[in-house]
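Reviewing the structure listed below.
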Amino acid sequence: MSTDFTVVPSAPTRVPTSTPPQQPLGRIPVSDVRPCVDHGARPAKSVVGEPFTVSAEVFREGHDAVGATIVLTDPDGVERHLPMTCTNPGLSIWEGEVVADREGLWAYRVEGWSDPWGTWVHDATIKIAAAIDTDLMRAEGALVLDRAAAERTRDEGGRSTLRSAAAILRDLDGHHASAALHLVTTGSAAAELAARPLRELVTPGNDLSLLVERELALFGSWYEIFPRSEGARLDPDTGRWVSGTLRTAAQRLPAIAEMGFDVVYLTPIHPIGTTARKGPNNTLGAGPDDPGSPYAIGSPDGGHDAIHPDLGTFADFDAFVADARRLGLEVALDLALQCSPDHPWVTEHPEWFTTRADGTIAYAENPPKKYQDIYPVNFDRDPAGVYAEVRRVVQVWIDHGVTLFRVDNPHTKPVEFWQWLIQDVAREHPEVIWLSEAFTKPAMMHTLAKVGFQQSYTYYAWRNTVPELVEYGTEVAGEAAAYMRPSFWPTTHDILTPYLQFGGPAAWKVRAALAATMVPTWGVYAGYELMEHVARPGAEEQIDNEKYEFKDRRWDEVAASGGSLAGWLTMLNRVRREHPGLQLLRNLTFHHVDDENLLAFSKSRTLPDGRTDTVIVVANVDPHSTRESTLRLDMAALGMDWADRFEVEDHVTGERWHWGEANYVRVGAEAEPVHIVSVVSS
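So the numbering used here is basically just the index in the sequence shown, starting at one, shifted up by 1.
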């Protein structure tokens, strides 16, 4: 064996001639400020009156005390200083609560500062108790109080209080050192410095933006309808369907409002093309009387800025909006940026579409799904033209009273387009709310929220087990809540999960209850009250799907028969309005139940009068059985001692019980599948 080898000299060490530029930390470092969306490039979100927590790491060298303050700046540039508390003493995490009282673009930053008073209290407590340097500690404390009293921003009452405390420390012939220490650290001087601390070496962190919007951006209940079905009927003489109209659809509004919904959402109401029109259940052979999918937008009667002639006119639409408003409802319209082959854009702007190698325009596909009746818009061939036209279309509907847009498949359009459109609309119409129907990868879903969508559909429909719901609830109520507001829908016109296909009434009740209580915004598709649970073979959507045909649900007959969940939906929306704790997102806390099929969570909110509104939900996610188990509450999370007892009222049954840390619960098919209880104030 040869032992010859070659020694390869190591490469010379390269010594950098300079260090890369760094942003100065400042005298009292402030780092890891949260919420901070995309490193501060995009605003965090809140609504008027919604509390949210700002946190940061604030620390310094050595053992001297530090403090932290949130500086909240309103849209007029007026600053408010809000206190922060160290939540893990000794480990530098500080938190404070922010509440904005009006809409607009706000800013917030965290300021770290040296706390000479806190430093002196810590040192004096130790030394005076040990009889070390007592006179010196008293003198140093008096000097700290002198500095605080000399601050020009402090009022005369505060100055007088601090000077009196300094005199106590200087009066060596008066109080004993320990008594003097007790007086100045527990009396009015301590209260003055807690409210208006002596801040030295103040070091500001970076300013971050906060977009504050109206309450409906966070809290609301949506109800979806196909206007053409509301009032549609099968003519007994001709055997042909007669379309509903905007006027007949308006007759459904009182029932929607009576159930407590805030928003009536209309699927597209525009003219529908005839080329490649889809027939019942997405078949390719549409008959002469088949209405086609309202998502195949455009015909010789017009495009996205027009109303289908069967539905009526703009005067009819204006009347619908006016009726809705009188009932306390706002109107949301579906914005589906795609075209039928018969859309005016196809002939007027062929450059807005993708042409294939054979010269034909590419229709929409999501293999194996094919949408031969729809052409997607190509946003890259004439961006300026497409952007301007969509902005014009949106303005048409805003001018006619639409205040919310449910956007169909926004993840198939450029994110930068949505960022531009939403921001441009907000300049003149900040009240407009955008709901993203983006059942897509998390990165796209979250980015759409970051660039402006106030709300987003979610994966809720497919989260059915307790572990799945706990994991997903924790995610949407966690850090993502700074920019994305989830909207929970048990079904849509495109979604009918196996859980609801086979779960029976208990499944329909519990899925609505969880959607309505876990998050502030939820919605249902018309027909939810009727538990329309038969699926189209091979698809997770209803048979005889309303996207492709008229549907006469005979609401009056159903109501007379008692076979409706309208009362259940009404109860859910009533409880949501009565309990402010259910109107927030970030306050979700899960609790343990011994039975793995039972989910428990609570939501609490401190009210202006100091009381706490707390709602506790216990749900059986097994719709086929009744289950009995023990609910084990995290009493500390509820702001209670472990031995406390309290009274609760169940809003589902009206019963009252006395609960504590461990409680017997029984929910399921033979009883109601969910408890929604509120803590009764004493």
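Cβ atoms here follow ideal geometry from the backbone N, Cα and C, with glycine treated the same way.
All values reported here derive from a predicted model rather than from experimental measurement.
Handout entry: Opposing strand residues paired with W242 [DSSP bridges]
Key = L235
Problem - Cβ-based burial, D39 [other Cβ within 10 Å; buried from 16] - result: exposed
Exercise for the section: Rank L531, A277, I544 by C-alpha distance to the C-alpha of V559 and give the top, closest one. Expected result: L531
Handout entry: H412, DSSP secondary structure in three states
Key = helix
Practice task
Taking the CB atoms as reference points, tell me whether Q455 and I434 lie closer together than 8 Å.
Solution key: yes
Exercise for the section: Give the straight-line distance between the Cα atoms of E58 and E629, rounded to the nearest whole angstrom. Expected result: 45 Å
Exercise for the section: Could you check what DSSP says for I677 in three-state terms: helix, strand or coil? Expected result: strand
Problem - Neighbourhood of A439 by C-beta distance below 7 Å, restricted to the same chain and skipping five residues each side - result: P411, H412, M445, M446, L449, S457, Y458
Practice task
List the endpoints of the continuous beta strand (DSSP E) containing G505.
Solution key: Unbroken run through G505 is the alpha helix (DSSP H), 505 to 519; no beta strand (DSSP E).
Exercise for the section: Whole angstroms is fine: what's the gap from V477's alpha carbon to I169's? Expected result: 54 Å
Practice task
Identify, in the order they occur along the chain, each residue of the same chain with its Cβ nearer than 7 Å to the Cβ of E597, setting aside the five sequence neighbours on each side.
Solution key: V467
Exercise for the section: Within 10 angstroms of the Cβ of Y665, are there 16 or more other Cβ atoms? Answer buried if so, exposed if not. Expected result: exposed
Practice task
Please report how far the alpha carbon of A178 lies from the alpha carbon of V122, in whole angstroms.
Solution key: 13 Å
Exercise for the section: Would you grab the beta carbon distance between D335 and T246 for me? Rounded to a whole angstrom, and I think it's under 8 Å. Expected result: In fact, because the Cβ distance is near 18 Å, the residues do not count as touching under 8 Å.
Practice task
Measure the Cβ-Cβ separation of A250 and I273 and say whether it is below 8 Å.
Solution key: no
Handout entry: Backbone CA spacing between D134 and G68 [nearest angstrom]
Key = 26 Å
Handout entry: Pair within 8 Å by beta-carbon distance, H676 and V618
Key = yes
Practice task
With DSSP as the reference, please indicate the residues paired to H593 in a beta bridge.
Solution key: R633
Handout entry: Spatially closest choice to G280 from I270, L583, G293, P269, by CA coordinates
Key = G293
Exercise for the section: Would you kindly work out how many angstroms separate the C-alpha atoms of Y119 and F380, rounded to a whole number? Expected result: Per the sequence shown, the amino acid found at residue 119 is Gly instead of Tyr. Those two C-alpha atoms are separated by around 59 Å.
Handout entry: Residue environment, A389, which counts as buried when at least 16 other CB atoms sit within 10 Å
Key = exposed
Handout entry: CA-to-CA distance, P22 to V8, given in whole angstroms
Key = Low local confidence applies: a pLDDT of 49 at V8 is under 50, so the model's placement there is unreliable, and no value is given.
Practice task
Please determine if the region 650 to 667 and the region 604 to 615 are in contact, where contact requires at least 3 C-beta pairs separated by less than 8 Å.
Solution key: no
Exercise for the section: Sort A151, A140, A233, S603 by Cα distance to S679 and report the nearest one. Expected result: S603
Practice task
Mark E112 as exposed unless 16 or more other C-beta atoms lie within 10 angstroms of its C-beta, in which case mark it buried.
Solution key: buried
Problem - Cβ neighbour criterion (16 or more within 10 Å) applied to F503 - result: exposed
Practice task
Report yes or no: do the region 369 to 379 and the region 326 to 341 share at least 3 C-beta pairs separated by less than 8 Å?
Solution key: yes
Practice task
Assess, as a yes-or-no matter, whether the region 191 to 208 is touched by the region 143 to 157 under the definition of 3 or more beta carbon pairs within less than 8 Å.
Solution key: yes
Problem - Residues sharing a beta bridge with K370, DSSP - result: N367
Problem - Three or more C-beta pairs below 8 Å linking the region 32 to 49 and the region 479 to 487 - result: yes
Exercise for the section: At 3 residues or longer, and completely inside the region 413 to 474: list those beta strand (DSSP E) runs for me, N to C. Expected result: 434 to 438, 456 to 458
Practice task
Report the rounded CA-to-CA distance for S605 versus M519, giving the unit in angstroms.
Solution key: 12 Å
Practice task
Name, in chain order, the residues that DSSP records as bridge partners for H659.
Solution key: E648
Handout entry: Cross-strand partners of C87 (DSSP beta bridge)
Key = W95
Practice task
Quick one: give me the first and last residue of the alpha helix (DSSP H) that G524 is part of.
Solution key: Premise fails: G524 lies in the beta strand (DSSP E), 522 to 526, not in any alpha helix (DSSP H).
Exercise for the section: Could you check the C-alpha separation between G557 and E550 for me, to the nearest Å? Expected result: Residue 557 is actually Asp in this sequence, not Gly. Computed Cα separation, rounded: 21 Å.
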